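S.K.: Protein chains in written order, with the working numbering: chain U, 42 to 690; chain Z, 1343 to 1578; chain W, 303 to 577.
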Ligand SMILES: Cc1cc2nc3c(=O)[nH]c(=O)nc-3n(C[C@H](O)[C@H](O)[C@H](O)COP(=O)(O)OP(=O)(O)OC[C@H]3O[C@@H](n4cnc5c(N)ncnc54)[C@H](O)[C@@H]3O)c2cc1C
Ligand code: HEM
Ligand code: HEM
Ligand code: SF4
Ligand code: F3S
Ligand code: FES
């Protein structure tokens, strides 16, 4: 059967994002003024479940607790402080204009919309730019040790090819420091008794009662106990789904289960096909590879990217004469050269490797060569700039970049897609809010560097606490507790699913299937997609999924800490998500940002957008296993930034 | 469930209400500070004591004159003795308490544990401590009360000294004991700066040099006397 | 290469544990240590046995989730690195490695190599923060922070909360972990108002959790993947003593500390060599 025809026709009526009226500069102010407030005396009576303790979840839980709500905070790691946000290195953007280089809220807004290749919602992006300023104030006050000038002011660096220097950073550990700030705020609330935290506890279902999100079902990962909690509102801040590709720069545990379960319960999933590839990661060294490590993009400022001109040239780099090297980025994009944007340089790398010119194990890598930089500015300066990165690279690969050129290869890094949310960050299930990377976010089809941390904290500190309050204040919430039938049913579902996974009794470990799925997606729904590859993937995925449910092997029981069981549950959801990603990529007959359809490119290989037909958010509705999902469109209007195609030639 | 426990777990009592001295003794940091403080007192004493003892090389008259000097002002002598006694008691009791508590902090020991950088001295403080304690007791019976002395003569410190250390066994025990003291101080003299919060990356190297230097000086300085007596250099 | 592993297997918190010997015949030197364990686990599952439970998440040395002793050394032989960052090229063919979980009264073993480190969270909850309301922060540059203070704070704040310091300490003391947070917040102007109370509360919480005292043994510093220095413990002790000796009234017991602390003198660190 022809894959596309499986997709039921989009509903004419788009989705209402409930964007406030008025000029874009006033929208958030207007919204905040219209918010209903909860009487302080009553706050304690409302219970909010926050799933996730990353920048978004940690900040939200801490702020909601501080406001006086009863907050329950969940994460699957053994401590809230270990959320994947901890790994972010580069920095966080804010329109402070401390460098006096002409930055402004409007410019950050503009850059983000443009960077997102005009597939994001203007009103949200503007609010994000506005709030970026408060984030830095908040974090500095928390004691986040941002880099400083000698005069004691905050330092900035420029990042991801932005013309202005607006990125704040804390050594190479910005995410860690921002997260610890949120974590400490959270622990403060735990001590104050407003927040109760549940580490090593995985959410496995959202419970919907009378059409509203009224709680979750969880599994205590240590005892295996399945339980549930009722609440008046649920906030999902469970991060991105890049691990659907098996190998990504995300932490091993990062997964889509929370949002996927919510999707199955009625929350629309938006733009699943927008997945960002990062060009500078350390290539995989073998089958056993369990995750990929990011190398800061800043390296591209001084490194030159090349591969042998001849396919199959297996000589060690130092024996390949200048004439037989192909500095392809410099050749193809003279003006940007080695600094060409993420998606462009990623595709170029894959392209040369597909031509058989890749280097290293499996020919999946290109050289990032610092030879000329060492010659030009000397080893000392270089080490000051990149010393720690060189060390990290050598620790992992055993090669010293001072001697041998680095080998890099693109890897999945971030997912712009996620659960659809309105201006209040509420999903299509009333009472279910989604924050951080888990929602379809403000990044459109492509995320600019240093803007995810910004979004996570904006959502967590400054948006969700207000909008959740508004939702609660509007009332209409019937009294519901965990004894309600809906909870029992959900718990039974979860228990049943666990039982099923354990009872398959096949022959292959869970990672096998995950790897197979990941490789398939990487090839057919990765950096470059085509109708053909996507259709193939849509036939393949169900096959692998079926094999999974037939031949999976998990040892141990469900009544104990069982890490294979945890992974199996997540992989099971990845199959369904992978399928949706392909549907989405297939219906989007254009190339936009990170979504590159080979059929839709300019003569010189640039992404060719089709604003006339595809300037919308694709929000998918779950129609039950086996049935094709239904597409709903949220049209995107660009009144403040004028649609323009980017060119990096 | 665990999450609940996380919240339920009592947080430390508000310091404002606890009595300072109480906290000083109960808190681990405070206790260590008291050990350091008493350690300083004891250190000062042994230093002075060693210098005094070295008078023995100047012959009977000289050492005895020094001993008398100590006794011209009885109240002062007793004051010193009381301070010393308090210091030893505080130091020893605290040390033993910490040593006992230490076992509760790791009820299940490692099957295999490999120290990387730490000195043996740092890991055996309690034993070097006990050695010193045991020595002091014997030492007092020997030279102060004379009961453990072969031929004790009230007031004739030099005689008592030579009489006691003339016996090889006693002399060797003395040497071993002061070696133990040296080891104790090797780590102790640096650790006390940590406990009092005085060390930092600027001072630490100097502090460590100080510790080693005085540990050696005291060890050697004290050991010299029993050895000298044994080989007849003193009183031969 | 071939690696022999003696791994602590323990079914659950209350179950008894023992060492079990496994052999991994085909280890590549490019594998990370944890990937080597993945390979072992894969084999175990195929043989129908239960895989070895061990914690990990980021696998790049920043989340602090991984950690166990390799031949008696926390995080294994590689200095300033977590076990997830340690690759097999640091071991030799035929080597026997003994893997043992963190052991401390405050870190109960949950299963195999997994332990419960929530005690560290409670230490932070007892005072490891700056009390500041969301949204009430002043303009960031209104409070200038000397670069040196910021760098110092960052050095200490780099702690990843892995617990190796506790594991390696003969006294199972959390002094390095606690000192790191006390120092991070203590050197910044934003941390001053709560500084005196903070150190005392946190050290008292550590005691309540069952962590031991610090005898300046220094194993913690040696195994710390984040390079936290012993001086943070001195600083923590300084703040605790400062708060105990502060001449303050009942109402605001510690408010006067930063100015009247007898320890003030040592803040200066004159003639310090900055590495
Ligand atoms: C290597 C790397 C470097 C990066 N560098 C930058 C950078 O320099 N600048 C930038 O702006 N962005 C960067 N990013 C992106 C950014 O770090 C993330 O997008 C952002 O941190 C996501 O935060 P979050 O709060 O949405 O989710 P996360 O931080 O991923 O938190 C997810 C939370 O949800 C919990 N969770 C998930 N599922 C469940 C479940 N089922 N039950 C219970 N709990 C669950 C987890 O335990 C965790 O606490 C980087 C990303 C990577 C991978
Ligand atoms: C002349 C006698 C002694 C001197 C000069 C001395 C000195 C010191 C010093 C300076 C320290 C370091 C304290 C710190 O770390 O803050 C120390 C530690 C210690 N002393 Fe003594 N000491 C003496 C006798 C004893 C005795 C009699 C005992 C009792 C058994 C003892 C037991 C200890 C112990 C156990 C420690 C380590 C405490 C810890 O765990 O950190 N010492 N000593
Ligand atoms: C080996 C070297 C030592 C020698 C030769 C020595 C000698 C003496 C002598 C002669 C006296 C009697 C003094 C008098 O009665 O006036 C004395 C007393 C004493 N010595 Fe030592 N001593 C030595 C080591 C030590 C050490 C290492 C300690 C402590 C750790 C110590 C602690 C004491 C004390 C506490 C007294 C009692 C002082 C008093 O009367 O109050 N001695 N010693
Ligand atoms: S101080 Fe070092 S060893 Fe201890 S928890 Fe922090 S990072 Fe781990
Ligand atoms: S090893 Fe332990 S004793 Fe102190 S110096 Fe480190 S905590
Ligand atoms: S797994 Fe994150 S530090 Fe090792």
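Ideal placement from N, C-alpha and C gives every residue a C-beta, glycine not left out.
As the structure is a prediction and not an experimental result, all values here were calculated from the model.
Measuring straight from C-alpha to C-alpha, what distance separates residue 23 of chain U and residue 100 of chain U?
M.R.: Here chain U has residues from 42 to 690 only, and residue 23 of chain U is not among them.
S.K.: First and last residue of the alpha helix (DSSP H) that includes residue 163 of chain U?
M.R.: Segment 163-183, the alpha helix (DSSP H) holding residue 163 of chain U.
S.K.: Determine, for residue 555 of chain W, whether the minimum Cβ-Cβ distance to residues of chain U falls below 8 Å.
M.R.: Because the pLDDT at residue 555 of chain W is just 43, under 50, the model does not fix this residue reliably, and the point stays unresolved.
S.K.: DSSP has residue 676 of chain U in a bridge; who is on the other side?
M.R.: Answer is U:657, bridged to residue 676 of chain U.
S.K.: Would you tell me roughly how many angstroms separate the C-alpha atoms of residue 104 of chain U and residue 501 of chain U, rounded to the nearest one?
M.R.: Whole-angstrom Cα-Cα distance: 8 Å.
S.K.: Residues of chain W with CB closer than 8 Å to the CB of residue 503 of chain U, please, in chain order.
M.R.: Here the neighbours are 436, 437.
S.K.: So that I know if they touch, is there some Cβ in chain Z lying closer than 8 Å to that of residue 472 of chain W?
M.R.: Yes, residue 472 of chain W counts as interfacial toward chain Z.
S.K.: With a CB to CB cut of under 8 Å and the five nearest residues on each side skipped, what residues in its chain are close to residue 552 of chain W?
M.R.: With a pLDDT of 35 at residue 552 of chain W, under the threshold of 50, the modelled position of this residue cannot be trusted; read the value that follows with caution. Hits under 8 Å: none found.
S.K.: Between residue 561 of chain U and residue 595 of chain U, is the Cβ-Cβ spacing less than 8 Å?
M.R.: No, the Cβ-Cβ distance between residue 561 of chain U and residue 595 of chain U is not below 8 Å.
S.K.: Sorry if obvious, but does the Cβ on residue 264 of chain W come closer than 7 Å to a heavy atom of ligand 5?
M.R.: Because residue 264 of chain W is not part of the residues shown, which for chain W are 303 to 577, the question remains open.
S.K.: Would the C-beta of residue 462 of chain W count as close to ligand 6, meaning under 7 Å from any of its heavy atoms?
M.R.: Within the cutoff, so yes.
S.K.: Any beta carbon of chain W sitting closer than 8 Å to that of residue 1562 of chain Z?
M.R.: Residue 1562 of chain Z does not count as touching chain W.
S.K.: Count the C-beta pairs between the stretch 413-432 of chain U and the stretch 449-457 of chain U that are closer than 8 Å, then say yes if the count reaches three, no if not.
M.R.: No contact exists between the stretch 413-432 of chain U and the stretch 449-457 of chain U.
S.K.: Determine which residues of the stretch 1425-1442 of chain Z have a Cβ less than 8 Å from any Cβ of chain W, and write them out in chain order.
M.R.: Per Cβ criterion, the list reads 1440.
S.K.: Would you list, in chain order, the members of the stretch 359-379 of chain W that have their beta-carbon closer than 8 Å to a beta-carbon of chain Z?
M.R.: Listed in sequence order: 371, 373, 374, 375.
S.K.: So, for residue 68 of chain U: in the same chain, excluding its five sequence neighbours on each side, which residues have a beta-carbon less than 6 Å away from its beta-carbon?
M.R.: Counting only Cβ-Cβ distances below 6 Å, and skipping sequence neighbours, we find 61, 164.
S.K.: Would the stretch 514-531 of chain U and the stretch 114-126 of chain U be scored as touching if the rule is three or more Cβ pairs under 8 Å?
M.R.: Cβ pair count under 8 Å is below three, so no.
S.K.: Straight-line CA distance for residue 495 of chain U to residue 219 of chain U?
M.R.: Cα to Cα, the separation comes out at about 10 Å.
S.K.: Could you please give the first and the last residue of the uninterrupted beta strand (DSSP E) stretch that includes residue 322 of chain U?
M.R.: Start and end: 316-322.
S.K.: DSSP has residue 257 of chain U in a bridge; who is on the other side?
M.R.: Answer is U:247, U:270, bridged to residue 257 of chain U.
S.K.: Taking 7 Å as the cut-off, is the CB of residue 368 of chain W close to at least one heavy atom of ligand 4?
M.R.: Checking the Cβ of residue 368 of chain W against ligand 4 gives no.
S.K.: Thinking residue 412 of chain W and residue 307 of chain W are a contact (beta carbons under 8 Å), I'd like their distance in whole angstroms, please.
M.R.: Actually they are not in contact, since the Cβ atoms of residue 412 of chain W and residue 307 of chain W sit about 20 Å apart, beyond 8 Å.
S.K.: Just checking my contact of residue 635 of chain U with residue 479 of chain U at CB under 8 Å: how many whole Å lie between their CB atoms?
M.R.: So it is not a contact: roughly 17 Å between Cβ atoms.
S.K.: Just to make sure I have the definition right: I need the residues of chain W whose C-beta is within less than 9 Å of the C-beta of residue 139 of chain U. Which are they?
M.R.: What residue 139 of chain U touches in chain W: 442, 443.
S.K.: Can at least three beta-carbon pairs, one atom from the stretch 319-330 of chain U and one from the stretch 294-310 of chain U, be found at a separation below 8 Å?
M.R.: Verdict: no, contact absent.
S.K.: Indicate, with yes or no, if ligand 2 has a heavy atom lying under 7 Å from the CB of residue 1528 of chain Z.
M.R.: Result no, Cβ not under 7 Å from ligand 2.
S.K.: Buried or exposed, going by whether 16 or more other CB atoms sit within 10 Å of the CB of residue 462 of chain W?
M.R.: The residue is buried, with at least 16 neighbouring Cβ atoms inside 10 Å.
S.K.: If the cut-off is 9 Å on Cβ atoms, which residues from the stretch 1367-1387 of chain Z count as contacting chain W, listed in chain order?
M.R.: Listed by position, the residues of the stretch 1367-1387 of chain Z near chain W (Cβ gap below 9 Å) are 1368, 1369, 1370, 1371, 1372, 1373, 1374, 1375.
S.K.: Are three or more beta carbon pairs between the stretch 467-480 of chain W and the stretch 509-528 of chain W nearer than 8 Å?
M.R.: Taking 8 Å as the limit for Cβ pairs, the verdict is that the stretch 509-528 of chain W does touch the stretch 467-480 of chain W.
S.K.: Mind listing the chain Z neighbours of residue 546 of chain W? Cutoff is C-beta to C-beta under 7 Å, in chain order.
M.R.: What residue 546 of chain W touches in chain Z: 1362, 1365, 1366, 1372.
S.K.: In angstroms with no decimal places, state the Cα-to-Cα distance between residue 546 of chain U and residue 588 of chain U.
M.R.: Rounded to whole angstroms, residue 546 of chain U to residue 588 of chain U spans 12 Å at the Cα level.
S.K.: Output yes if chain W places a C-beta closer than 8 Å to the C-beta of residue 1551 of chain Z; else output no.
M.R.: With 8 Å as the cut-off, residue 1551 of chain Z does not count as an interface residue toward chain W.
S.K.: How big is the Cα-Cα spacing for residue 397 of chain U and residue 290 of chain U?
M.R.: Cα to Cα, the separation comes out at about 25 Å.
S.K.: With DSSP as the reference, identify every bridge partner of residue 480 of chain U, one or two as the case may be.
M.R.: The partner list for residue 480 of chain U (beta bridge, DSSP) reads U:460.
S.K.: Any heavy atom of ligand 3 within a distance shorter than 7 Å of the CB on residue 1395 of chain Z?
M.R.: Checking every heavy atom of ligand 3 against the Cβ of residue 1395 of chain Z, one is found closer than 7 Å.
S.K.: Can you give me, in chain order, the residues of the stretch 588-599 of chain U that have a beta carbon less than 8 Å from any beta carbon in chain W?
M.R.: Taking 8 Å as the Cβ-Cβ cut-off against chain W, the residues of the stretch 588-599 of chain U that qualify are 594, 595, 596, 597.
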